[in-house]
Amino acid sequence: MDQARSRSSPPLVSRTTAVDEPGFAAAFDALSAPRTVWSAPDDALVIGGGAAATLTAAGSDRFASIREAATELFEAGDVHAGTEAARPRVFGGFAFHEGACDGDPWGPFPEARFVLPRTQLTVADNGTWLTVNAVGADADAAAVEDRLAREVERFAALGDADHGAVDGSAARSPRPGISESRRTTSREAWRESVGAAVDRIRDGDLRKVVLAQALEADLAADFPRAATLERLAEKYPDCHRYWFEPAAGESAFFGATPERLVSLRGRTVETDALAGTTGRGETPTEDEWLARELLDDEKNVHEHELVAETVRHQLEPFAASVSAGERRVRRLATVQHLHTPITAELDADRHVLDLVEALHPTPAVGGLPPDRALATIRETEPFDRGWYAAPVGWIDAAGNGAFAVAIRSAVASRRRATLFAGVGIVSDSDPDREWDEVQLKYRPILDELEADAGVDSAD
Ligand SMILES: C=C(O[C@H]1C=CC=C(C(=O)O)[C@@H]1O)C(=O)O
2 MDQARSRSSP PLVSRTTAVD EPGFAAAFDA LSAPRTVWSA PDDALVIGGG AAATLTAAGS
62 DRFASIREAA TELFEAGDVH AGTEAARPRV FGGFAFHEGA CDGDPWGPFP EARFVLPRTQ
122 LTVADNGTWL TVNAVGADAD AAAVEDRLAR EVERFAALGD ADHGAVDGSA ARSPRPGISE
182 SRRTTSREAW RESVGAAVDR IRDGDLRKVV LAQALEADLA ADFPRAATLE RLAEKYPDCH
242 RYWFEPAAGE SAFFGATPER LVSLRGRTVE TDALAGTTGR GETPTEDEWL ARELLDDEKN
302 VHEHELVAET VRHQLEPFAA SVSAGERRVR RLATVQHLHT PITAELDADR HVLDLVEALH
362 PTPAVGGLPP DRALATIRET EPFDRGWYAA PVGWIDAAGN GAFAVAIRSA VASRRRATLF
422 AGVGIVSDSD PDREWDEVQL KYRPILDELE ADAGVDSAD
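Heads up, this note's numbering is the position in the sequence shown plus 1, with the first residue counted as 1.
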């Protein structure tokens, strides 16, 4: 088992200053690899470039190892941040399970990897901030301040957001188009796997399992990284959007997920149960009809309640109180989901990774009982999940953080993308309907790859 390690060692120096907001694409392109993008509906947009420190880990203790490495990294900091969101945070993610990164396209991805960006742009409610971080031998306050001054000049030369692409006003790279695509799972194999899972559920051996597929697409043109992220931001403003580049090579893991795993600020925990799916209607009336049908559908409500119940139950050992809101429908651009917001107050100070480890994988992406569901996933799926459906997010010096479940995601390199999508299987799941639901869940990413997905109205 690997131990987490920081490639450089503390102390950490961090300097931040307010800047004008540059266009998203210009800022993204101006930053060097490995790049990080993190954006949550209730949080700042962060675009990071380079790595002042990299924490990696593998194996079953990867959560604890990253927690220790982050604590060590943040132990001694000389930090001047203009705003909370620009304080040093490490951004990254975990593999779904041990060994999940063994095969393609996960080669460059460790089982856990977090980066403290060397240069970071933070677009917060109270302004836009440029931060320069340094750790170890580079961590000299005067040198960091000099570098910040140079970065401020470099970013000022990029132009501001009003003349950039962040508001969709600049010319953008078109969608690349797909020249060829391959499924990991044939319809026949899918029917068999779902049928076998349903049999096991009816026999009482399992209660629920989430089975996924992957779709590999060869791109007809270079993958337009910044333009894809901008379009996802416009179409999925209420989702967590993320982009992680491993240190070497040109691949990135990215997506726009509606599912928060957990956020912790102080002792306040927020999480979501999200499971149970239907499509979007052609008209507002049809949308409403589908939403009502979803709320009343026994199979979907059961699938959802297993998640809500488990999340509440998993939080209880940590919490002084746990409360769940009303079950409702969450409407996204391509699908509608059953959603229950859940909040808790902790009984003691905790690190966000304690909660991440306790909650992952929720039955929205794993199943019940967890061990049997995980074994079924490993035996059934003919591909490696890697970081798909696993926790991605950030951690700060206080042990606060926010993590999302990395669904509606893909790994993309210059000319290839591998997409992932899964569905919850319960006792009355129908393989063909579940197949259709997988195709629907590919849409957020597929729409950005297919050349004929519609004219980019922003151009
Ligand atoms: C596993 C995925 O979705 C989960 C989240 C929301 C709804 C789900 C469902 O209805 O099956 C899944 O549990 C995915 O999008 O790959």
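By construction, the Cβ of each residue, glycine as well, lies at the ideal position given by its N, Cα and C atoms.
Could you name each continuous alpha helix (DSSP H) segment of 4 residues or more that falls completely within the region 338-368, going from the start of the chain to the end?
Every unbroken stretch of the alpha helix (DSSP H) spanning 4 or more residues and falling wholly within the region 338-368 is given here in chain order: 353-360.
Please determine, among Cys102, Val133, Trp290, the residue with the shortest C-alpha to C-alpha distance to Gly83.
Counting from one through the sequence shown, the residue named residue 83 turns up at place 82. Comparing Cα-Cα distances from Gly83 to each of Cys102, Val133, Trp290, the minimum goes to Val133.
For the beta strand (DSSP E) containing Asn134, name the first residue and the last one.
Here the question's residue 134 lines up with position 133 in the sequence shown. 128-136 is the extent of the beta strand (DSSP E) around Asn134.
Can you give me the C-alpha to C-alpha distance between Ser7 and Ser430, rounded to a whole angstrom?
Looking up residue 7 in the sequence shown gives position 6. Looking up residue 430 in the sequence shown gives position 429. Per-residue confidence for Ser7 stands at a pLDDT of 47, beneath the threshold of 50, marking its modelled position as unreliable; the derived number appears in the next sentence. Roughly 45 Å between the two C-alpha positions.
Does the distance from the CB of Trp436 to the CB of Ala407 come in under 7 Å?
Here residue 436 is taken as the residue at index 435 of the sequence shown, counted from 1. Here residue 407 is taken as the residue at index 406 of the sequence shown, counted from 1. Taking C-beta atoms as the reference points, Trp436 and Ala407 fail to come closer than 7 Å.
What beta strand (DSSP E) runs, 3 residues minimum, are completely inside the region 189-251?
209-220, 241-245, all fully within the region 189-251.
Close beta carbons around Arg316, own chain, < 8 Å, minus the five adjacent residues each side:
Along the sequence shown, one-based indexing puts residue 316 at 315. Residue identity differs from the one stated: residue 316 is Leu in this sequence, not Arg. Excluding residues within five positions, the ones whose Cβ falls inside 8 Å are Val270, Thr272, Val323, Ile343, Ala345, Leu356, Ala359, Leu360.
For Ala403, tell me which candidate among Leu46, Gly108, Val427 has the shortest Cα-Cα distance.
As a first step, residue 403 must be located in the sequence shown, where it is residue number 402. Cα-wise, what sits closest to Ala403 is Leu46.
Within 7 Å, strictly: CB atoms of Thr258 and Arg409:
Translated into positions along the sequence shown, residue 258 becomes position 257. Translated into positions along the sequence shown, residue 409 becomes position 408. Contact flag set, yes.
If you measure from the CB of His98, is any heavy atom of ligand 1 nearer than 6 Å?
For the purposes of this step, residue 98 is identified with residue 97 of the sequence shown, where counting begins at 1. Checking the Cβ of His98 against ligand 1 gives no.
Could you check whether Ala125 and Val14 sit closer than 7 Å to each other, using their CB atoms as the reference points?
Working through the sequence shown from its first residue, we reach residue 14 at position 13. Working through the sequence shown from its first residue, we reach residue 125 at position 124. No, the Cβ-Cβ distance between Val14 and Ala125 is not below 7 Å.
So is the beta-carbon of Val485 under 6 Å away from any non-hydrogen atom of ligand 1?
An answer regarding residue 485 cannot be provided, because it is not within the stretch 2 to 460 covered by the chain.
Rounded distance between the beta-carbons of Glu382 and Ala213, thought under 8 Å:
Along the sequence shown, one-based indexing puts residue 213 at 212. Along the sequence shown, one-based indexing puts residue 382 at 381. Their Cβ separation, rounded to whole angstroms, is 6 Å, which keeps Ala213 and Glu382 in contact under 8 Å.
Kindly confirm or deny that the region 369-383 and the region 331-339 touch, where touching means at least three C-beta pairs closer than 8 Å.
These segments do not touch.
Is it true that the region 283-298 meets the region 237-245, where meeting means three or more beta-carbon pairs spaced less than 8 Å apart?
Note that the region 283-298 does not touch the region 237-245; fewer than 3 beta-carbon pairs, one per stretch, sit closer than 8 Å.
Take Ala349 as the anchor and find which of Ala320, Val366, Gly326, Glu327 has the nearest alpha-carbon.
Numbered from its first residue, the sequence shown carries residue 349 at position 348. Residue Ala320 is the option with its Cα nearest to Ala349.
Does DSSP put Phe29 in a helix, in a strand, or in coil?
Residue 29 sits at position 28 when you count from the first residue of the sequence shown. Three-state result, Phe29: helix.
Can you tell me whether His303 sits near ligand 1, meaning its C-beta is under 6 Å from at least one heavy atom of the ligand?
Taking the sequence shown and counting its residues from 1, the one referred to as residue 303 is at position 302. No; taking the cut-off as 6 Å, the Cβ of His303 has no heavy atom of ligand 1 nearer than that.
Can you tell which of Asn301, Ile446, Glu451, Glu85 has the C-alpha that lies nearest to the C-alpha of Leu469?
Outside the modelled stretch of the chain, which goes from 2 to 460, sits residue 469, for which no answer is possible.
Would you mind stating whether Val145 and Ala54 have Cβ atoms separated by less than 7 Å?
Working through the sequence shown from its first residue, we reach residue 145 at position 144. Working through the sequence shown from its first residue, we reach residue 54 at position 53. No.
Between Gly367, Thr311, Gly128, Leu122, which has its C-alpha nearest Pro89's C-alpha?
Sequence index remark: in the sequence shown, residue 89 carries index 88 (1-based). Closest option to Pro89, Cα to Cα, is Leu122.
For Ser187, name the three-state secondary structure that DSSP assigns.
One-based indexing of the sequence shown puts residue 187 at position 186. In this structure, Ser187 counts as coil in the three-state DSSP scheme.
What's the call for Ser33, buried or exposed, on a 16-neighbour Cβ count within 10 Å?
The residue you call residue 33 lines up with position 32 of the sequence shown. Note on Ser33: under 16 other CB atoms within 10 angstroms of its CB, so exposed under the neighbour-count rule.
What separation, rounded to the nearest whole angstrom, lies between the Cα atoms of Arg148 and Glu154?
Working through the sequence shown from its first residue, we reach residue 148 at position 147. Working through the sequence shown from its first residue, we reach residue 154 at position 153. Looking at the two C-alpha atoms, the distance is approximately 10 Å.
Assuming Ala227 and Asp30 form a contact by the criterion Cβ under 8 Å, report the distance between their Cβ atoms to the nearest whole angstrom.
Counted from its first residue, the sequence shown places residue 227 at position 226. Counted from its first residue, the sequence shown places residue 30 at position 29. Right, the Cβ-Cβ distance comes to about 6 Å (below 8 Å), so this counts as a contact.
Cβ shell of His303 (< 7 Å), same chain only, five flanking positions each side left out:
Here residue 303 refers to the residue found at position 302 when the sequence shown is read from its first residue. Once the five neighbours on either side are set aside, the close Cβ partners of His303 are Val427.
Residue range of the alpha helix (DSSP H) that includes His98
Translated into positions along the sequence shown, residue 98 becomes position 97. That residue, His98, is in no alpha helix (DSSP H); it is neither H nor E in DSSP.
Which class does Leu56 belong to by DSSP, given the choice of helix, strand or coil?
Counting from 1 along the sequence shown, the entry for residue 56 is found at position 55. Residue state, collapsed to three classes: strand.
Measuring only the C-alpha atoms, how far is His340 from His305?
The residue you call residue 340 lines up with position 339 of the sequence shown. The residue you call residue 305 lines up with position 304 of the sequence shown. When rounded, the distance between both Cα atoms is 8 Å.
3-residue-minimum beta strand (DSSP E) runs that sit fully inside the region 265-294, ordered along the chain
For the region 265-294, whole beta strand (DSSP E) runs of length 3 or above, ordered along the chain, are 269-280.
Contact under 7 Å by Cβ, Phe156 with Val412
What you label residue 156 is simply residue 155 of the sequence shown in a count that begins at 1. What you label residue 412 is simply residue 411 of the sequence shown in a count that begins at 1. With respect to Val412, Phe156 sits apart: the two C-beta atoms are not nearer than 7 Å.
List the endpoints of the continuous beta strand (DSSP E) containing Arg329.
Taking the first residue of the sequence shown as position 1, residue 329 is located at position 328. 329-332 is the span of the beta strand (DSSP E), which, as asked, contains Arg329.
Tell me, please, which residues DSSP counts as bridged to Arg16.
Position 15 of the sequence shown holds residue 16. The partner list for Arg16 (beta bridge, DSSP) reads His81, Val133.
When the Cα of Glu246 is compared with those of Asn401, Arg444, Leu117, Ala70, which residue comes out closest?
What you label residue 246 is simply residue 245 of the sequence shown in a count that begins at 1. If we check each option's Cα against that of Glu246, Leu117 comes out closest.
From which residue to which residue does the alpha helix (DSSP H) around Thr311 run?
As a working note, residue 311 is residue 310 in the sequence shown. Start and end: 299-316.
Within this structure, are the beta carbons of Thr279 and Leu265 separated by less than 7 Å?
In the sequence shown, residue 279 corresponds to position 278, counting from 1. In the sequence shown, residue 265 corresponds to position 264, counting from 1. It is not a contact, given that the beta carbons lie outside the stated cut-off.
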